[in-house]
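J.:
Numbering (this note's numbering), first residue to last: 187 to 247.
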């Protein structure tokens with residue numbers, strides 16, 4: 187991919203969540219800041235896990 191890894195990553199994450207009965211609830215601005223933070227190395231694995239814990243809900247309930 188030419189300059190598309192960030193977009194591909196967040197779309198893949200969203201698809202994974204949906205397939206498993208969850209949905210990302212963050213707005214576009216929040217998602218943008220998250221993706222850019224990960225890409226810049228400002229958000230580590232623990233930070234990413236916290237983001238998903240805070241912005242994902244179960245849609246099968």
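Quick reminder that beta carbons are idealized off the backbone N, C-alpha and C, glycines included.
Could you check where the alpha helix (DSSP H) with residue 191 kicks off and where it finishes?
T.: Note, residue 191: alpha helix (DSSP H), 191 to 205.
J.: Below 8 Å on the Cβ atoms is my guess for residue 217 versus residue 223; work out the distance and round it to an integer in Å.
T.: The Cβ separation is near 11 Å, so there is no contact.
J.: Starting from residue 243, follow the alpha helix (DSSP H) in both directions and report where the run begins and ends.
T.: No alpha helix (DSSP H) holds residue 243; the beta strand (DSSP E) holding it covers 242 to 244.
J.: Report yes if the CB atom of residue 243 is closer than 8 Å to the CB atom of residue 197, and no otherwise.
T.: No, they are not a contact pair.
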